[in-house]
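Colleague: In my numbering, the protein residues as written are 852 to 1134.
Mind having a look at this structure? Questions to follow.
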Amino acid sequence: MATGNTKLTNLVDPQVMADMVSAGLPKAIKFTQFAKVDTTLTGVPGSTITIPAWAYIGDAKDVAEGAAIDLDQMTTSTKQAKVKKVAKGLELTDEAVLSGYGDPVGEAARQLTMAIASKVDEDIVAELGNATLTKTVAAKISYDGIVDAVDQFNEEETTEKYLFVHPKQVTELRKDPSFIDKEKYGNDVMMTGEIGMIAGCRLVVSRRVPSTGTTYDNFIVVTTAEPEDGTPVQPAISLFMKRDVAVETDRDIIHKSTVITADEHYVVKLTNDTKVLKVTFNA
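Below, the structure written as C-alpha cells:
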C-alpha cells in the first residue's frame, strides 16, 4: 500500500490557519486592548484614509484670584493615514510535519500570530509617541510624578487610565507606599500585564515602553466608556483594519516543503489627542 500521499498541503488549510491567526491576534496585541479596533475599512476601496481627530486645547494657565478663566473650544481636525501591509512567512518540511513530534502546524500558526501582533504593538507605541500632551519629570517614576502628569489632563471627573511602564521601573513602583497590588482590588477585567494601580492609573508592564539609559517615555491613556445614551466617544487611538489576516501556502516540490505566509493590512492613528499623555521620567 502506498504511504507517500500524505503531504503538508493536505494538513495545512490556509483558511483554517487564517482563522486561527485572526482569532489569536486580539489577545496577543497588548496595546490593542485599549485601542478601538475599527473594521469599517474592510472591503472599502482605497489605500489612504481621512481620520477625524480631536485637537488638544492647550496646557492650563495661571489665573489670578478673581480673574476670568480663558475658555477654549473643543475642535476637530482631520488626519491622513496610509494603510500599510505587514507580513511574515515560514517554511515547513514534510519531515518536520510527519515526524510526529509536537504540532508544527499549530506552532506555525502561533508564531505567525505573534509576529504580526508584535509589529502592530510596535506601530501603536510609535503612534503614542506622537502625543501632543507631554510632561517631563526630572526624577524616577513615583506617585508624586504620576500625579503631576495626570493633572495635565485637566479633568473635572475621574476617568479610567492606563499607565504603561517599563519592566525596569516596576521595582520603584512596588516600593512606593501608594502602590496598590492588583491582588488587593477586586477587578475581574484586567489588561494583560496589569500589575496594580497608583495615582488612579492602572499599571501595565511592557518592554515596548521607550527607554534610553535612565530615561523612560511612559504613556498614560484615558479610556472612556460610551455613555448609556449611546453617544459615541472618540477613542485615544484607533486600529483601522483594512482586511482580515490572509494566509497563503505554496508547494516547493524540489525541497518537499511548504511555504506559509500571513499578511495583515491596517493603519494605526491617534484619534483623540486629549486622551494620551507622554510623560518622560528622567533620573
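We put the beta carbon where it would ideally sit given N, CA and C, even for glycine.
On a predicted model such as this, the values are computed, not experimentally measured, just so you know.
Could you tell me whether the Cβ atoms of residue 1115 and residue 1096 are closer together than 8 Å?
Modeller: yes
Colleague: When the Cα atoms are used, what is the spatial distance from residue 1057 to residue 1050?
Modeller: 19 Å
Colleague: Kindly provide the ranges of any beta strand (DSSP E) runs that are 3 or more residues long and lie completely inside the stretch 918 to 1000, ordered along the chain.
Modeller: Fully enclosed beta strand (DSSP E) runs of 3 or longer: 927 to 933, 935 to 944, 984 to 988.
Colleague: Going by C-alpha distance, which of 978, 1030, 1085, 1035 is nearest residue 1129?
Modeller: 978
Colleague: At which residues does the beta strand (DSSP E) containing residue 1102 begin and terminate?
Modeller: 1088 to 1103
Colleague: Which same chain residues end up closer than 7 Å to residue 1033 when comparing Cβ atoms and leaving out the 5 residues on each side of it in sequence?
Modeller: In its chain, beyond the 5 residues on either side, 1041, 1045, 1046, 1047 have a beta carbon closer than 7 Å to the beta carbon of residue 1033.
Colleague: In this structure, does DSSP put residue 892 in helix, strand or coil?
Modeller: coil
Colleague: So, at 7 Å on beta carbons, what are the nonlocal neighbours of residue 996 in its own chain, with the 5 sequence-adjacent residues on each side left out?
Modeller: Close CB contacts of residue 996 within its chain, under the 7 Å cut and outside five residues either way in sequence, are with 988, 990, 1132 (chain order).
Colleague: For the putative contact between residue 934 and residue 898, defined by C-beta atoms under 8 Å, what is the C-beta separation to the nearest angstrom?
Modeller: 5 Å
Colleague: Report buried or exposed for residue 914, applying the criterion of at least 16 other Cβ atoms within 10 angstroms of its Cβ.
Modeller: exposed
Colleague: Could you compute how far the alpha carbon of residue 859 sits from the alpha carbon of residue 1106?
Modeller: Note that residue 859 has pLDDT 49, beneath the 50 cutoff, so the model's placement of it is unreliable and no number is given.
Colleague: Residue 1111 and residue 949 - do their beta-carbons sit closer together than 8 Å?
Modeller: no
Colleague: Can you tell me whether residue 1059 is helix, strand or coil according to DSSP?
Modeller: coil
Colleague: The alpha helix (DSSP H) with residue 1022 in it runs from where to where?
Modeller: Element bounds for residue 1022: 1021 to 1026.
Colleague: How long is the line joining the alpha carbons of residue 924 and residue 1125, rounded to whole angstroms?
Modeller: If you take the alpha carbons of residue 924 and residue 1125, they lie about 13 Å apart.
Colleague: If residue 1119 and residue 975 are in contact, beta carbons under 8 Å, what's the gap, nearest whole angstrom?
Modeller: Separation of the CB atoms of residue 1119 and residue 975 is rounded to 5 Å, and the pair is thereby assigned contact status at 8 Å.
Colleague: Would you report the Cα separation of residue 938 and residue 965, rounded to the nearest angstrom?
Modeller: 12 Å
Colleague: So, is residue 981 buried or exposed, given that buried needs 16 or more other C-beta atoms within 10 angstroms?
Modeller: Exposed is the label assigned to residue 981, since fewer than 16 other Cβ atoms lie within 10 Å of its Cβ.
Colleague: Are there 16 or more other CB atoms within 10 angstroms of the CB of residue 1104, so buried, or fewer, so exposed?
Modeller: exposed
Colleague: Please work out which residues of its chain come closer than 8 Å, Cβ to Cβ, to residue 912, disregarding the five sequence neighbours upstream and downstream, and give them in chain order.
Modeller: 921
Colleague: Excluding the five sequence neighbours on either side, which residues of its own chain have a C-beta within less than 6 Å of the C-beta of residue 887, listed in chain order?
Modeller: 1086, 1089
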